[in-house]
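Sequential numbering of the sequence shown, starting at 6, is according to the working numbering.
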Amino acid sequence: MAMSIIHFVQIAHMSLAKLDVTNVRNIETANLNPSPRLNFIVGPNGSGKTSLLESIHILGRARSFRSTQSGQVIRFQQDSLTVAGRVIEGEGLATTPIGVRLGRRKREIALAGNRLQSSAELIRAFPVLLIQPSSSGLLDGAPKARRQFLDWGAFHLDASFLDNWRGYARALSQRNALLRSGTSRGIEIWNHELVRYGTIVDCARFAYAERLRPYFHTAVSHFLGQMPFDLDTVAGWDRTKQLDEVLIADLAHDLRDGYTHSGPHKADFQVQADDRPAKNYLSRGQMKLLVFALLLAQSHLLEESLGSKGCVLIDDLASELDNGNRIKLLGFLHQRQAQFFITATDPRILEPAGMVETAVFHAENGRVTQV
Ligand SMILES: Nc1ncnc2c1ncn2[C@@H]1O[C@H](COP(=O)(O)OP(=O)(O)OP(=O)(O)O)[C@@H](O)[C@H]1O
Ligand SMILES: [Mg+2]
């Protein structure tokens, strides 16, 4: 436990100092020296802007955000793609090599010269957040995305979260398998495991939402002014009761349907605007700003709690935002310490940006060049 915490702190503080992309969609090769702060990628439709962000996402998470099949991301006629980079630790000049190669069936991850078996260490070493036009699904889509949002934060702030989360997932899948087989014989052991891990997962998510709240309020008041917004978490069971009591009381119901109805796997959160669910009343642009507020709050909290700058990818920043809000948003990004990669089709996005610590890249037919 103590060991893992020491390790955890040592590998934080990262931003990308060098990026080498090979065979990602229409990008044959791209070699970038990004700014530690703001990076703009500007170019026409189909030029490779999202593919560049996809590459950085692969470097931080070992998977794409557009496709679950790496075969679709690998450049046509090629067998594998490679994304490599160097991440800077803290304020120092020392950099750590990091790399991911995806074949059609094979995945290789390297960090500081070591091969990694799981992506967890990579995700911790180079935290990447993504904001894209479809991110408003975070507010009006299925609850899974909102649980993943809380889990991402809890994972980064709590070194033991992943083990507990995995323990919960294993217990849930075993309990559901037993329920599907039509018997409750031996279910006590899975109830016990579910409660043991589930309570910890629930507490970690709840604690994360508590820590996030002030950052969310700062961001949302910057973007959406005086309307009072709040973030309400839902546990996934009737919180006035203990989870073990709920599992026992639900047993007949669970057996009939063949799955576990209550528990942290049903957790969720909602954003309220003036005490009403925001998703039912906000305009498209306001929803987009609200998603920005949530994700930038995550990044800001990471910045302040771990001293980790992390990296935020913003695809198509301008879409659905009026000029005033674009300027507001860029002003907010300038105040943060994180590294941003921002794509746009219209170079006028750069006019209010202020060029301090800003790098601009032009994408054209899969070629990305620094301007
Ligand atoms: N596996 C692949 N191999 C080669 N090219 C691909 C592959 N998958 C997609 N492409 C092409 O890559 C190009 C770049 O797509 P990308 O989504 O990165 O463009 P973009 O610059 O983000 O455009 P937009 O402004 O429309 O969002 C597209 O023309 C697409 O057809
Ligand atoms: Mg795109």
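Glycine included, every Cβ here is placed at the ideal spot set by N, Cα and C.
What is the rounded straight-line gap between the Cα of residue i and the Cα of residue j?
{"i": "Leu248", "j": "Arg261", "result": "19 Å"}
{"i": "Leu24", "j": "Thr363", "result": "16 Å"}
{"i": "Lys284", "j": "Arg66", "result": "29 Å"}
{"i": "Gln275", "j": "Asp84", "result": "43 Å"}
{"i": "Val251", "j": "Gly268", "result": "9 Å"}
{"i": "Ser75", "j": "Ile253", "result": "43 Å"}
{"i": "Ile128", "j": "Leu256", "result": "37 Å"}
{"i": "Cys208", "j": "Gln277", "result": "22 Å"}
{"i": "Lys333", "j": "Val239", "result": "31 Å"}
{"i": "Asn50", "j": "Arg218", "result": "37 Å"}
{"i": "Ile136", "j": "Glu193", "result": "42 Å"}
{"i": "Gln122", "j": "Leu236", "result": "36 Å"}
{"i": "Leu295", "j": "Phe131", "result": "25 Å"}
{"i": "Thr204", "j": "Val361", "result": "46 Å"}
{"i": "Ile29", "j": "Gln82", "result": "In the sequence as presented, Ile is not what sits at residue 29; that position holds Val. About 11 Å."}
{"i": "Leu37", "j": "Glu113", "result": "22 Å"}
{"i": "Asn181", "j": "Trp242", "result": "17 Å"}
{"i": "Phe297", "j": "Asp279", "result": "19 Å"}
{"i": "Gln340", "j": "Asn330", "result": "15 Å"}
{"i": "Leu335", "j": "Glu126", "result": "31 Å"}
{"i": "Gly146", "j": "Thr73", "result": "19 Å"}
{"i": "Arg110", "j": "Lys149", "result": "26 Å"}
Anyone know if the C-beta pair for residue i and residue j falls short of 7 Å?
{"i": "Val200", "j": "Tyr173", "result": "no"}
{"i": "Gly118", "j": "Arg185", "result": "no"}
{"i": "Ala406", "j": "Gly53", "result": "What the structure shows of the chain is the stretch from 6 to 376, and residue 406 is not part of that stretch, so it cannot be assessed."}
{"i": "Tyr213", "j": "Asn169", "result": "no"}
{"i": "Asp259", "j": "Thr265", "result": "yes"}
{"i": "Asp320", "j": "Thr87", "result": "no"}
{"i": "Thr100", "j": "Ala35", "result": "no"}
{"i": "Ala224", "j": "Ala302", "result": "yes"}
{"i": "Gly371", "j": "Leu326", "result": "no"}
{"i": "His227", "j": "Phe345", "result": "no"}
{"i": "His1", "j": "Tyr220", "result": "Outside the shown range of the chain (6 to 376) lies residue 1, about which nothing can therefore be said."}
{"i": "Arg71", "j": "Glu59", "result": "yes"}
{"i": "Phe166", "j": "Ala176", "result": "no"}
{"i": "Glu308", "j": "Ala343", "result": "yes"}
{"i": "Met292", "j": "Leu144", "result": "yes"}
{"i": "Val78", "j": "Met19", "result": "no"}
{"i": "Pro138", "j": "Ser288", "result": "no"}
{"i": "Leu318", "j": "Ile61", "result": "yes"}
{"i": "Val373", "j": "Val365", "result": "no"}
Name the DSSP beta bridge partners of residue i, please?
{"i": "Val88", "result": "Val26 and Val105"}
{"i": "Ile113", "result": "Before going on, a small fix: residue 113 reads as Glu here, not Ile. In DSSP, Glu113 forms a bridge with Arg106."}
{"i": "Glu94", "result": "Met19"}
{"i": "Gln122", "result": "None; Gln122 has no bridge partner."}
{"i": "Ala368", "result": "Val373"}
{"i": "Cys316", "result": "Val133 and Gln344"}
{"i": "Arg281", "result": "Ala278"}
{"i": "Ile32", "result": "Val29"}
{"i": "Ile332", "result": "Ile332 is not bridged to any residue."}
{"i": "Val47", "result": "Ala349 and His367"}
{"i": "Ile79", "result": "Val29"}
{"i": "Leu37", "result": "Leu24"}
{"i": "Asp273", "result": "Val239"}
* Write down every uninterrupted run of the alpha helix (DSSP H) in the stretch 131-173 whose length is 4 residues or greater and which is fully enclosed by it, in chain order. => Listed in chain order, the complete alpha helix (DSSP H) runs (minimum 4 residues) inside the stretch 131-173 are 142-145 and 148-162.
* How about the stretch 337-356 and the stretch 37-50: do they share at least three Cβ pairs that are nearer than 8 Å? -> At 8 Å Cβ cutoff, the stretches touch.
* Are the stretch 101-120 and the stretch 312-326 touching, with three or more C-beta to C-beta distances below 8 Å? -> Counting Cβ pairs under 8 Å, fewer than three are found: no touch.
* Take every Cβ of the stretch 187-194, pair it with every Cβ of the stretch 222-239, and state whether three or more of those distances are shorter than 8 Å. => Too few Cβ pairs lie closer than 8 Å, so no.
* Mind pulling the alpha helix (DSSP H) runs of 4 or more residues that sit fully within the stretch 173-260? -> You should have 192-229 and 248-254.
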